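For this note's numbering, add 5 to where a residue sits in the sequence shown, where the first one is 1.
Cβ atoms here follow ideal geometry from the backbone N, Cα and C, with glycine treated the same way.
No experiment lies behind these values; they were computed from the predicted model shown.
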Amino acid sequence: GRYHRAADHQQQALALHRETSDRAGQIYALGNLGIIDIREGRYERAAGHLRQALALTRETGDRANEAHALDNLGDLELWQGHCSLAAEHLHQALDLYRETANRSGEAHALTNSGRACLRQARYEQAETCHRQALAISREIGERDSEAEALTALGEVCLATKQPGRARTCYSDAFEIALDIGDTYQQAHARSGLGDVCDVAGDAVGARHHWQEALALYSRL
C-alpha cells in the first residue's frame, strides 16, 4: 500500500527499460504504473499508461501481457462507469488468459467480469463469474485473489438481498486480507460489512466498519 514509493520505483524502471530498448520491461512498468494510478484515482493518467502498454504488447506480439493490459483497462473502465466497454475488454482478456494458461490472470479477469455484470444488473452471471474466480483462486492457492473474489461475491449477495451470505463473504475476505497483510482488500471487506450492518438496521455496527474502512483507505 505504499503507492508513492512504488510509483517512484516503476518510473525509474521505465526510464531504464526505455534507455536499453527493453520493450517487455516497458510493458511491465507501464502496467504497474497504470494499476497504481487506478488505486489513487488518477484515471486519465492510468488510461495513458495502460494504452501505451497495450500498444507495445500488440507491436511485439506479446499475448500474455496483452491479456494483463486488457484486464487492467477493463478494471479502469469499471471505475469510470464504462461498463459495456469494460465487459468487452475483460472478455478479450479472459480469452487470452485461457489461451496462455494463466490461471491467476483468469481468476482476476473473472472477478472483474463479474463486477461488470453486477453493474448491468445481470446478477446470475455475476455470481457465476465470482464463484469460478473463487474456485480457481483456491485451486492455485492465491489468497489475495480469493479475498478479492469473496468481496465481489459479497456485493452480489447484497444486491440480491442475501445479507447473511454477504456477511459471510465479507468476513472471510477480511480474515484472509488481514492474514496476508493486504490493506486494500481489508478496506473493501470492512466497507462491505458496514453495508451489511446498514441493511440490517444496525447503525452502530455500520458506523464502526465504515470508520475502520475509511481509516484504511486514508492510510493508502
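Buried or exposed: where does E49 fall if 16 or more other Cβ atoms within 10 Å of its Cβ makes it buried?
exposed
At what residue ranges does the segment 153–193 contain a whole run of the alpha helix (DSSP H), taking only runs of 4 or more?
Correct list: 168–185.
Which residue marks the beginning of the alpha helix (DSSP H) containing N2, and which one marks its end?
A query on residue 2 cannot be resolved here, the shown segment of the chain reaching from 6 to 225 and no further.
Hey, how far is the Cα of V204 from the Cα of E147?
31 Å
In terms of alpha-carbon separation, which member of I40, L163, T65 lies closest to R124?
L163
Where does G119 sit, in a helix, a strand or coil, going by DSSP?
helix
Taking 8 Å as the cut-off, decide whether the C-beta atoms of S223 and L198 are in contact.
no
Specify, as a first and last residue, the run of the alpha helix (DSSP H) that G46 falls within.
From DSSP, G46 is part of no alpha helix (DSSP H); its letter is neither H nor E.
Could you give the DSSP three-state label for S26: helix, strand or coil?
If DSSP states are grouped into helix, strand and coil, S26 belongs with coil.
Mark R7 as exposed unless 16 or more other C-beta atoms lie within 10 angstroms of its C-beta, in which case mark it buried.
It is exposed - the Cβ of R7 has fewer than 16 other Cβ atoms within 10 Å.
Going by other Cβ atoms of all chains shown within 10 Å of its Cβ, with 16 needed for buried, is D13 buried or exposed?
Here D13 is exposed, its C-beta having fewer than 16 other C-beta atoms within 10 Å.
Mark D36 as exposed unless 16 or more other C-beta atoms lie within 10 angstroms of its C-beta, in which case mark it buried.
Strictly speaking, residue 36 in this sequence is Gly, with Asp absent from that position. With 16 or more Cβ atoms within 10 Å of its Cβ, G36 is classed as buried.
Count the other CB atoms, across all protein chains shown, that sit within 10 Å of the CB of D184; report buried if there are 16 or more and exposed otherwise.
exposed
Kindly indicate which residue of A171, K166, H73, S118 has the alpha-carbon position closest to the one of G159.
Closest option to G159, Cα to Cα, is A171.
What separation, rounded to the nearest whole angstrom, lies between the Cα atoms of A152 and G186?
11 Å
Would you call Q191 buried or exposed, if buried means 16 or more other Cβ atoms sit within 10 Å of its Cβ?
buried
Throw me the rounded Cβ distance for the T188 and L225 pair, which I believe falls under 8 Å.
6 Å
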